[in-house]
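Accompanying notes for the structure given below.
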Amino acid sequence: MVVWTEFERATIQDIFSKMNYDVVGPQALARCLIVYPWTQRYFGNFGNLYNAAAIMGNPMVAAHGKVVLHGLDRAVKNMDNIKATYAELSVLHSEKLHVDPDNFRLLADCLTVVVAGQLGSSFTPEVQAAFQKFIAVVISALGRQYH
Amino acid sequence: MVEWSASERNTIANVWGKINVDEIGPQALARVLIVYPWTQRYFGTFGNLSSAAAIQGNPKVAKHGKTVLNALEKAVKNLDDIKGTYFQLSQLHCEKLNVDPDNFRLLADCLTIVIATKFGPAFNPAVQATWQKLLSVVVSALTSGYF
């Protein structure tokens, strides 16, 4: 079971309570599609993903970015039981959506870059370590139900 | 051979021109040692790495951070032959320093985070994509001397 220090809990709650999910979600997903273009293969029905500008302006990308980040909120609210919290979503991503679990890490990296860009110098090394630990636990939980 | 568009070349020159190597290098290396603590095993002679504060204040970490980031300049100035440029450094890291090449990616990630914290929204998705392309080419070149 994952053990969280007081600092880690406080840091995660702080970051997410101040986050505008409807801005950060779309930005993270857009970056994923731009920086790792092969990920576009999962979004064949999203319309125009032809270049960075198109991706950033694409309303389906924005809508889906919000969905994903609101999904992350479940982990923020259940830090002591992230594995169980994501069991269903893990099955969904594996059996229905057929998402290669490597992609969780790519999206997580983009989310980290967005958060770092917003927090600037307050994204200190200690805060970064807590954030990346949280994300690693989420990624592990999402990959859990794959066989 | 790696192809760089004119826009990518400009972006790289622009980002590099705005970076204070002596500031960014130490920050990136400190983050690696804090966020990925197993990497401390390579720095047994560096003295006190017992906490985030100790690492951030450690003069050997700072000095080595500057060395590493100054070496990145070789890539920036030789975009068309990064592999050749890093051949000797690759051999050094493999045969003498015995560094697992996975660590190159960890340092690249921390460097990207530091730049994101400094540049904020100016580190937009297109800039991020170009910057990460540069770092992937560098990581690949540093790994190419390993067998």
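These protein sequence lines are chains A and B, in that order.
For the first sequence, this note's numbering begins at 184 and goes up steadily by one.
For the second sequence, this note's numbering begins at 5 and goes up steadily by one.
Beta carbons are placed, not taken as given, at the ideal position from N, Cα and C, and that holds for glycine.
Which residues in chain B have a C-beta closer than 8 Å to the C-beta of Gln-315(A)? List them in chain order.
By 1-based counting over the first sequence, the position of residue 315(A) is 132. In chain order: Val-39.
Can you grab the Cα-Cα spacing for the pair Glu-27(B) / Gln-311(A), in whole Å?
Here residue 27(B) refers to the residue found at position 23 when the second sequence is read from its first residue. Here residue 311(A) refers to the residue found at position 128 when the first sequence is read from its first residue. About 18 Å.
Alpha carbons only, please: which of Phe-190(A), Leu-275(A), Tyr-233(A), Phe-229(A) is nearest the one belonging to Ala-56(B)?
Translated into the one-based positions of the second sequence, residue 56(B) becomes position 52. That would be Phe-190(A), whose Cα lies nearest to the Cα of Ala-56(B).
For Asp-113(B), is the classification buried or exposed, using 16 other Cβ atoms within 10 angstroms of its Cβ as the cut-off for buried?
Translated into the one-based positions of the second sequence, residue 113(B) becomes position 109. Classification for Asp-113(B): buried.
Counting only Cβ-Cβ distances shorter than 7 Å, please list the residues of the region 212 to 239 of chain A near chain B, keeping chain order.
Residues Ala-213, Arg-214, Ile-217, Val-218, Ala-235, Met-239.
Taking 7 Å as the CB-CB limit, is Pro-284(A) close to chain B?
Position 101 of the first sequence, counted from the start, is the residue given in the question as residue 284(A). Judged by the 7 Å Cβ criterion, Pro-284(A) is not in contact with chain B.
Taking the continuous alpha helix (DSSP H) assigned at Ile-238(A), which residues delimit it?
By 1-based counting over the first sequence, the position of residue 238(A) is 55. Looking at the DSSP string, the run of the alpha helix (DSSP H) that includes Ile-238(A) is 235 to 240.
Let me make sure I understand the geometry here. Which of Phe-226(A), Asn-234(A), Val-259(A) has the alpha-carbon closest to that of Ile-217(A)?
As a working mapping, residue 217(A) is identified with position 34 in the first sequence. Of the listed residues, the one whose Cα sits closest to Ile-217(A) is Asn-234(A).
Step through the CB atoms of chain A and report whether any lies within less than 7 Å of the CB of Gln-44(B).
Walking along the second sequence from the start, residue 44(B) turns up at place 40. Output row for Gln-44(B): interface = no.
Going along the chain, which residues of its own chain have a beta-carbon closer than 6 Å to the beta-carbon of Val-131(B), five neighbours each way excluded?
The residue given as residue 131(B) occupies position 127 in the second sequence. Contacts found: Thr-15.
Within 7 Å of any Cβ in chain A, is that where the Cβ of Thr-121(B) sits?
Taking the first residue of the second sequence as 1, we reach residue 121(B) at position 117. It does; some Cβ of chain A falls within 7 Å.
If you follow the alpha helix (DSSP H) that Phe-317(A) is in, where does it begin and where does it stop?
Reading the first sequence from its first residue, position 134 is the one you call residue 317(A). First-last of the alpha helix (DSSP H) with Phe-317(A): 308 to 326.
Interface residues of chain B around Val-207(A) at Cβ under 7 Å?
Stepping through the first sequence from its first residue, residue 207(A) is reached at position 24. Within chain B, no residue comes near Val-207(A); the closest Cβ sits about 12 Å away, beyond 7 Å.
So with Cβ pairs under 7 Å, would you call Ile-86(B) a contact of chain A?
Walking along the second sequence from the start, residue 86(B) turns up at place 82. So, not an interface residue.
Measure the alpha-carbon distance for Asp-197(A) versus Ala-211(A) and round it to whole angstroms.
Walking along the first sequence from the start, residue 197(A) turns up at place 14. Walking along the first sequence from the start, residue 211(A) turns up at place 28. Roughly 19 Å separates the two Cα atoms.
How would you list, in chain order, the residues of chain B whose beta-carbon sits under 7 Å from the beta-carbon of Ala-312(A)?
Against the first sequence, residue 312(A) aligns to sequence position 129. Within 7 Å Cβ-Cβ: Ile-38, Val-39.
Indicate whether at least one CB of chain B lies closer than 7 Å to the CB of Gly-303(A).
For the purposes of this step, residue 303(A) is taken as residue 120 along the first sequence, with counting starting at 1. Interface residue, yes.
Would you kindly report the start and end of the unbroken alpha helix (DSSP H) that includes Trp-135(B)?
In the second sequence, the residue the question calls residue 135(B) occupies position 131. Note, Trp-135(B): alpha helix (DSSP H), 129 to 147.
Please compile the residues from chain C whose C-beta is within a distance smaller than 8 Å of the C-beta of Ile-117(B).
Absence of chain C from the displayed structure is noted, the protein chains being A and B.
With H, G and I counted as helix, E and B as strand and the rest as coil, what does DSSP make of Gly-69(B)?
The sequence position of residue 69(B) within the second sequence is 65, counting from 1. Reduced to three states, the DSSP call for Gly-69(B) is helix.
With a threshold of 7 Å on Cβ separation, who are the neighbours of Leu-232(A) within its own chain once the five nearest residues in sequence on each side are excluded?
Residue mapping note: residue 232(A) aligns to position 49 of the first sequence, counting from 1. These residues qualify, in order along the chain: Leu-216, Gln-223, Phe-226, Ile-238, Asn-241.
With a threshold of 7 Å between beta-carbons, can Pro-129(B) be considered close to chain A, or not?
Mapped onto the second sequence, residue 129(B) falls at position 125. True, the Cβ-Cβ gap to chain A drops below 7 Å.
Taking C-alpha atoms, which residue in Val-186(A), Tyr-219(A), Trp-187(A) lies nearest to Asp-292(A)?
Counting from one through the first sequence, the residue named residue 292(A) turns up at place 109. Looking at the Cα atoms, Tyr-219(A) is the closest of the given residues.
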